[in-house]
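Heads up: the sequence shown is residues 6 to 131, going by this note's numbering. The beta carbon of each residue, even a glycine, is placed where N, CA and C say it ideally should be.
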Amino acid sequence: MLAVVSPAKKLDFETDAPEMAVSQPVFLDDTEELIEVARKKSRRDLMKLMGISENLADLNYQRFAHFSRPFDRTNAKPAVFAFRGDTYIGLDADTMKAKDIDWAEDHFRMLSGLYGLLKPRDLMQP
């Protein structure tokens, strides 16, 4: 079985994630293409395009400007620990043990409008 969950608008890049093996998102090259397009948009364009508030548009404008490769543990976080929100409250990733993450790698995916389909250990930037 493979469970696929929707993304969350709320992200947590302040809390440290536990040390673990990490991976790169499979569609990272496509993500970079989207970032390049987004960087050409104004804050107002992003607000309209993404259907988000002015504050979120400003936040995303800054995030797009600071996006950089390669991803590593100094500039990115495993997706399972980055997403927050209603769907992820029940998951409670912060209490997951290594064996739980291993199981999730085979049975759990997170959708992202920017990254596509993410595995729990896939690194992502805000």
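Residue environment, residue i, which counts as buried when at least 16 other CB atoms sit within 10 Å
i           : result
residue 85  : buried
residue 116 : exposed
residue 98  : buried
residue 6   : exposed
residue 60  : exposed
residue 36  : buried
residue 8   : exposed
residue 26  : exposed
residue 94  : exposed
residue 54  : exposed
residue 70  : exposed
Nonlocal neighbours in the same chain, by C-beta distance under 7 Å from residue i, ignoring five residues either side
i          : result
residue 81 : 128, 129 and 130
residue 29 : 76, 127 and 128
residue 18 : 82, 87 and 131
Neighbourhood of residue i by C-beta distance below 8 Å, restricted to the same chain and skipping five residues each side
i           : result
residue 32  : 120, 121 and 122
residue 39  : 119
residue 102 : none
Terminal residues of the beta strand (DSSP E) in which residue i lies
i           : result
residue 118 : Looking at the DSSP string, residue 118 is not in any beta strand (DSSP E), and its letter there is neither H nor E.
residue 10  : 8-10
Same chain only: Cβ atoms within 6 Å of residue i, ignoring 5 sequence neighbours per side
i           : result
residue 109 : 125
residue 65  : 51
Checklist entry - Where are the beta strand (DSSP E) runs, 3 residues long or more, that stay fully inside the stretch 32-115, in chain order? => result none
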